[in-house]
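Enquirer:
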Amino acid sequence: MQIVRGIEELKEARKTLEGSVGFVPTMGALHHGHLELIKRSKSENDYTIVSIFVNPTQFLPGEDLDSYPRREEADRKICEIAGVDILFMPDSADIYGEDEVTLKAPSYLGYILEGSRRPGHFDGVVRVVMKLFGLTRPDRAYFGKKDAQQLVILQKMVDDLFLPLQIVPVETVREDDGLALSSRNLYLTPQERQKALVISRSLKRASRLVMAGELRSETIKEMMYKMMEEIEVEYVEIVDRAFRPLDRVEIKNTIILVAARVGKTRLIDNIWL
Ligand code: AMP
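Here it is as structure tokens:
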């Protein structure tokens, strides 16, 4: 595995790759969710590039940029064992310059739900991912369905800008008890972790309700809020694949999303129906 930090170094390394390239952008503190993306990329491409970059522009003032978990040594080993070809770990100063041409997230999709709680977050995401696409020039890029809104926005970016690559969505990887894997789970105390389980349980219950024929969004949301009374729910939303709110669940076109705070930790999860 080649470990690359500089921009020029990455360009050189990319030039040597002949064949298809899969790209997995991450912020590190790698877990089995990230590994699933890497595995998928390896199975579909000749080469796999992983980036680890805690992107400052997608954090709002007061968010956890400084305390975001950094596990460089462990991450490196994980990538090595997973068979990654190039691990790109740039410095912020090399990624961003002054008075740049900037891309913005779409004004609807980028500013609802996650975007309304974290205004500007998706601007930072599209900005960095576009730069990383420019550098890695992938044939396919892998993103988790756990970050559903991010995935849909990046798919739209690829479509709107006619980028010559494919976005590949990957199913959410969960612990045995249902908790969606997330680097931010490292912040949870054992008690908070236990409390956080109601998020995935409420989503599972919602999906069972739908399977039993209950399609009314209000009824499903009410049930979910009730189940999550013990934690601080920011929102429960039922939307279609373009993130338009739905009064009734449409099978194969629905995402149920939750954002909640457990202690000081903000968690998101969802289910695609
Ligand atoms: P992050 O390092 O949190 O920015 O995540 C990097 C990529 O991994 C994103 O595409 C995430 O959606 C994806 N990811 C994070 N958690 C999971 C998970 N539990 N299952 C699958 N993919 C995930």
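Quick note, the sequence shown lines up with residues 24 to 296 if you use this note's numbering.
The beta-carbon is built from N, C-alpha and C at its ideal position, and this holds for glycine as well.
Only a predicted model underlies this, so the values are computations on that prediction, with no experimental measurement involved.
1. If you run the structure through DSSP and keep just helix, strand and coil, what is residue 10?
2. Whose CA, out of 257, 252, 222 and 262, lies closest to the CA of residue 239?
3. Tell me residue 283's beta-bridge partners as DSSP assigns them.
4. Terminal residues of the continuous beta strand (DSSP E) containing residue 164?
5. Would you decide whether residue 249 is buried or exposed? Buried here means 16 or more other CB atoms lie within 10 Å of its CB.
6. Compute the minimum distance between the beta carbon of residue 223 and the heavy atoms of ligand 1, and state whether it is under 7 angstroms.
7. Which one of 172, 272, 267 and 45 has the shortest CA to CA distance from residue 109?
8. Start and end of the alpha helix (DSSP H) containing residue 173?
9. Report the residue ranges of all beta strand (DSSP E) runs contained in full by the segment 79-115; include only those spanning at least 3 residues, in chain order.
10. Give me the residue from 211, 241 and 296 with the minimum Cα distance to residue 92.
11. According to the neighbour-count rule (16 or more other Cβ atoms, all chains shown, within 10 Å of its Cβ), is residue 209 buried or exposed?
12. If I measure Cβ to Cβ from residue 147 and keep anything under 8 angstroms in the same chain, skipping five residues before and after, which residues do I get?
13. With H, G and I counted as helix, E and B as strand and the rest as coil, what does DSSP make of residue 216?
14. Measuring alpha carbon to alpha carbon, tell me which residue in 96, 121, 133 and 69 is nearest residue 161.
15. Which ranges does the alpha helix (DSSP H) cover as unbroken runs of at least 4 residues, wholly within the segment 110-146, from first to last along the chain?
Expert: Reading it off the structure:
1. Any question about residue 10 goes unanswered here, given that the chain covers just 24 to 296.
2. 262
3. 256 and 290
4. 163-167
5. exposed
6. no
7. 45
8. 171-183
9. 109-111
10. 211
11. exposed
12. 78, 79, 80, 81 and 82
13. helix
14. 69
15. 115-118 and 137-140
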